[in-house]
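K.L.:
My structure is below; once you've seen it, I'll send some questions.
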Ligand SMILES: Cc1ncc(COP(=O)(O)O)c(C=O)c1O
């Protein structure tokens, strides 16, 4: 059966060569006589994968030595708790930007642990915009400023980073490894794997040494960044399958031009869709302000909900699935992560053009 163009928001499409490699190696890993997912996480086969995943990620990001990479379970959601538990213990303050559904969840958890100041609140604008980076100011004494680099549901993405004088802590779940970033601004980056990296359940945390040094010593083991950093993410059994797949994705990106390459592709894919929306202004409407439109999750509306349903059904029949907007906002959404071929975005743009001509 042919593979469709899968525009799902996550879990989402992965590079085909990676899936084929997994298929090839799944049952008998490199002639070991067993699968990697049947192997000890302390054995030589998995040890090689674990080390290569970390080294490959460091290479891809150009990560300096003063950052640790942690491979954790619990998805990005556990990080909504772990970040404040580690960094705000005892009620320390931090600044948060309320930019959409995911930021809201991060804030709700942080408020249970520390003192949270919301320095930007996009609620009134229905989360369809972001402030200018230069307008974001940190409050005195803030331990960090939390950003959600890309709001997967609302389709807003920071295109520039605030310069605030405190470390940025960033949920990069839905645009991790999709562009170059000025690492020096970030004290901690976390991302759930299931968009640009690998299977769900895994979260990667990148933490700078000075932030790690500040982390609480009072936490139970799994919640403690210090424990995971001290044990090279092998305090307990790591999620070996997601880490294995992530390692293959990382190798694939490193072997194909790295972040500059995916950045160009993201620009191409998103331009195809935003230009098509602009071409039919009386039929398609992107509700997001132009300066912060996401290059990963493109959202748009049609004139009626019935037409949206019809669009999604007909697109599916034409081999393009996952285009329904999140249930909380409706409309259409195309998630165009690294592994979505440019041809997929081109096919969708072409379908949009024909649909608008027919029904507009
Ligand atoms: C930006 C963002 N943050 C956090 C999450 C939560 O991730 P998880 O489901 O891995 O906990 C998601 C999930 O889609 C997301 O898009």
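Residue numbers (the numbering used here): 285 to 644. Just so it is clear, CB atoms sit at the ideal spot from N, CA and C, and this is done for glycine as well.
1. Should residue 432 be counted as a contact of ligand 1 given a C-beta to heavy atom distance under 7 angstroms?
2. So residue 398 packs on residue 368, CB below 8 angstroms; how close in whole Å?
3. Have a look at residue 484 and residue 384 and give me their C-alpha separation to the nearest angstrom.
4. For the alpha helix (DSSP H) that residue 597 lies in, which residues bound it at each end?
5. Using alpha carbons as the reference points, say which of 299, 288 and 287 lies closest to residue 621.
6. Give the DSSP-derived three-state secondary structure of residue 340 in the structure shown.
7. Can you find at least 3 beta carbon pairs, one from the region 416–432 and one from the region 347–363, that sit closer than 8 angstroms?
8. Spell out whether any CB of chain D is found under 8 angstroms from the CB atom of residue 402.
9. Quick one: using the 10 Å Cβ neighbour count with 16 as the cut-off for buried, is residue 512 buried or exposed?
10. Compute the beta-carbon to beta-carbon distance between residue 572 and residue 554, rounded to the nearest angstrom, for a pair I have assumed lies under 8 angstroms.
11. Would you mind stating whether residue 341 and residue 543 have Cβ atoms separated by less than 8 angstroms?
12. Is the region 453–462 close to the region 427–444, with three or more CB pairs under 8 angstroms?
13. With hydrogens ignored, establish whether the beta-carbon of residue 455 is closer than 7 angstroms to any heavy atom of ligand 1.
14. Does DSSP put residue 415 in a helix, a strand or coil?
15. Hey, out of 408, 591 and 525, whose CA is closest to residue 322's CA?
16. Hey, how far is the Cα of residue 318 from the Cα of residue 301?
17. Flag residue 361 as yes when its Cβ comes closer than 7 angstroms to any non-hydrogen atom of ligand 1, and as no otherwise.
18. Taking only runs that begin and end inside the region 422–483, name each unbroken alpha helix (DSSP H) of 4 or more residues, in chain order.
19. List the endpoints of the continuous beta strand (DSSP E) containing residue 351.
20. Mapping DSSP to helix, strand and coil, what is residue 301?
21. Tell me, which residues are paired with residue 400 by DSSP?
22. May I ask which residues mark the beginning and end of the beta strand (DSSP E) holding residue 489?
23. Check whether the region 532–546 and the region 561–581 are in contact - that is, three or more C-beta pairs closer than 8 angstroms.
24. For ligand 1, any of its heavy atoms closer than 7 angstroms to the Cβ of residue 409?
25. Assign residue 515 to one of two classes, buried (16 or more other C-beta atoms within 10 Å of its C-beta) or exposed (fewer than that).
26. What's the gap between the Cα of residue 378 and the Cα of residue 431?
27. DSSP three-state call for residue 624: helix, strand or coil?
28. Work out the CA separation of residue 494 and residue 641 for me, nearest whole Å.
29. Less than 7 angstroms separating the Cβ of residue 528 from some heavy atom of ligand 1?
30. Here's a check: name, in chain order, each residue in its chain whose Cβ is nearer than 7 angstroms to the Cβ of residue 388, leaving out the five neighbours to either side.
P.N.:
On the basis of the data shown:
1. Working through the chain shown from its first residue, we reach residue 432 at position 148. The answer is yes for residue 432.
2. Within the chain shown, the letter at position 114 stands for residue 398. Within the chain shown, the letter at position 84 stands for residue 368. Contact flag correct, Cβ pair sits at about 5 angstroms.
3. Indexing the chain shown from 1 puts residue 484 at position 200. Indexing the chain shown from 1 puts residue 384 at position 100. Answer to the nearest angstrom: the Cα atoms are 21 angstroms apart.
4. As a position in the chain shown, residue 597 is number 313, starting the count at 1. Bounds of the alpha helix (DSSP H) holding residue 597 are 589–601.
5. Reading the chain shown from its first residue, position 337 is the one you call residue 621. Taking only the C-alpha atoms, the option nearest residue 621 is 299.
6. What you label residue 340 is simply residue 56 of the chain shown in a count that begins at 1. If DSSP states are grouped into helix, strand and coil, residue 340 belongs with the helices.
7. Cβ pair count under 8 angstroms is below three, so no.
8. Among the chains in the structure shown there is no chain D, since it carries only a single protein chain.
9. Here residue 512 is taken as the residue at index 228 of the chain shown, counted from 1. With 16 or more Cβ atoms within 10 Å of its Cβ, residue 512 is classed as buried.
10. In the chain shown, residue 572 corresponds to position 288, counting from 1. In the chain shown, residue 554 corresponds to position 270, counting from 1. Not really, about 11 angstroms apart at Cβ, beyond 8 angstroms.
11. On the chain shown, residue 341 is found 57 positions in, with the first residue counted as 1. On the chain shown, residue 543 is found 259 positions in, with the first residue counted as 1. No; because the gap between Cβ atoms is not below 8 angstroms, this pair is not in contact.
12. yes
13. Residue mapping note: residue 455 aligns to position 171 of the chain shown, counting from 1. Yes; taking the cut-off as 7 angstroms, the Cβ of residue 455 has a heavy atom of ligand 1 nearer than that.
14. Looking up residue 415 in the chain shown gives position 131. DSSP places residue 415 in coil when its eight states are reduced to three.
15. The residue labelled residue 322 in the question sits at position 38 within the chain shown. Residue 525 is the option with its Cα nearest to residue 322.
16. Position 34 of the chain shown, counted from the first residue, corresponds to residue 318. Position 17 of the chain shown, counted from the first residue, corresponds to residue 301. Answer to the nearest angstrom: the Cα atoms are 22 angstroms apart.
17. Residue 361 sits at position 77 when you count from the first residue of the chain shown. Within the cutoff, so yes.
18. none
19. Residue 351 sits at position 67 when you count from the first residue of the chain shown. Counting along the chain, the beta strand (DSSP E) containing residue 351 begins and ends at 351–357.
20. Looking up residue 301 in the chain shown gives position 17. DSSP places residue 301 in helix when its eight states are reduced to three.
21. For the purposes of this step, residue 400 is identified with residue 116 of the chain shown, where counting begins at 1. For residue 400, which the question treats as bridged, DSSP gives the partners 378.
22. For this step, residue 489 is matched to residue 205 along the chain shown. Note, residue 489: beta strand (DSSP E), 486–492.
23. no
24. The residue labelled residue 409 in the question sits at position 125 within the chain shown. Checking every heavy atom of ligand 1 against the Cβ of residue 409, none is found closer than 7 angstroms.
25. Taking the first residue of the chain shown as 1, we reach residue 515 at position 231. Exposed, because fewer than 16 other Cβ atoms sit within 10 Å of the Cβ of residue 515.
26. Numbered from 1 along the chain shown, position 94 holds the residue referred to as residue 378. Numbered from 1 along the chain shown, position 147 holds the residue referred to as residue 431. Cα to Cα, the separation comes out at about 11 angstroms.
27. Residue 624 sits at position 340 when you count from the first residue of the chain shown. If DSSP states are grouped into helix, strand and coil, residue 624 belongs with coil.
28. Residue mapping note: residue 641 aligns to position 357 of the chain shown, counting from 1. Residue mapping note: residue 494 aligns to position 210 of the chain shown, counting from 1. Taking C-alpha positions only, residue 641 is separated from residue 494 by approximately 57 angstroms.
29. Within the chain shown, numbered from 1, the residue matching residue 528 stands at position 244. Checking the Cβ of residue 528 against ligand 1 gives no.
30. Residue mapping note: residue 388 aligns to position 104 of the chain shown, counting from 1. The beta carbon of residue 388 lies closer than 7 angstroms to those of 382 in the same chain, with the five residues before and after it left out.
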